[in-house]
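**Q**
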Amino acid sequence: MSKDNTSEKLNDEKETVISEEERAHLKKILEKFMELGVGAVYGDEDDQEEPVVYDHCGRKGLCRAICCSFIFALTKEEVKKGVIKWNPKRPYFIARDKDGYCPHLDRKTLLCEIYGDRPLRCQKYDCRNDPSVWIDWEARIINMNTFKHLPEKE
Numbered sequence: 001m002s003k004d005n006t007s008e009k010l011n012d013e014k015e016t017v018i019s020e021e022e023r024a025h026l027k028k029i030l031e032k033f034m035e036l037g038v039g040a041v042y043g044d045e046d047d048q049e050e051p052v053v054y055d056h057c058g059r060k061g062l063c064r065a066i067c068c069s070f071i072f073a074l075t076k077e078e079v080k081k082g083v084i085k086w087n088p089k090r091p092y093f094i095a096r097d098k099d100g101y102c103p104h105l106d107r108k109t110l111l112c113e114i115y116g117d118r119p120l121r122c123q124k125y126d127c128r129n130d131p132s133v134w135i136d137w138e139a140r141i142i143n144m145n146t147f148k149h150l151p152e153k154e
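Sequential numbering from 1 applies to the sequence shown in our numbering.
#1: Helix, strand or coil for Asp130, going by three-state DSSP, please let me know.
#2: Would you give the residue range spanned by the alpha helix (DSSP H) that Lys80 belongs to?
#3: Is Val133 closer than 8 Å to Cys68 when the C-beta atoms are compared?
#4: Are Lys85 and His104 closer than 8 Å when you measure CB to CB?
#5: Using only CA atoms, which one of Ala139, Asn87, Pro51 and Trp137 lies nearest to Gly116?
#6: What's the gap between the Cα of Thr146 and the Cα of Arg121?
#7: Taking DSSP's pairing of strands, which residues face Asp136 in a bridge?
#8: Going by alpha carbons, who is nearest to Lys72 out of Lys80, Glu113, Arg96 and Ile18?
#9: Per DSSP, what are the beta-bridge partners of Ile94 in this structure?
This is how it looks when you write it as structure tokens:
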């Protein structure tokens, strides 16, 4: 085994451990890259995973479809298809209207206007166990902090 191969093998076997300070610094750098439009983070959704479908039981009135205001990267395939609106200032990221919500959300019905072509992230996201959205799904207690990222209403 050559010296170069040994070096590669040792590097492959080592686990990279970073501190919380380093993690925070890397996150700031990544956010800056995304602001500049030179970086994107793609999801690690499992293609084998089934889309999330469940009866909201009137919960959309409580959550106001808050998931439709989350910012995330689209896949290259989703952008190429041309159905989903994306943010020209942040290529490959889902577009947002002035109210902070997805342009594909019907504000009156809180239903997706491109439901059959919605992004994979939307298909796989399940808010039921997301504490940033629900304090208690069963008791219908919403986390009011979930709305803080939305712009103030005029």
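In this text, a Cβ means the ideal position worked out from N, Cα and C, and glycines have one as well.
**A** On the basis of the data shown:
#1: coil
#2: Lys76 to Lys81
#3: no
#4: yes
#5: Pro51
#6: 18 Å
#7: Ile141
#8: Note that residue 72 corresponds to Phe in the displayed sequence, not to Lys. Of Lys80, Glu113, Arg96 and Ile18, the residue nearest in Cα terms is Arg96.
#9: Trp86
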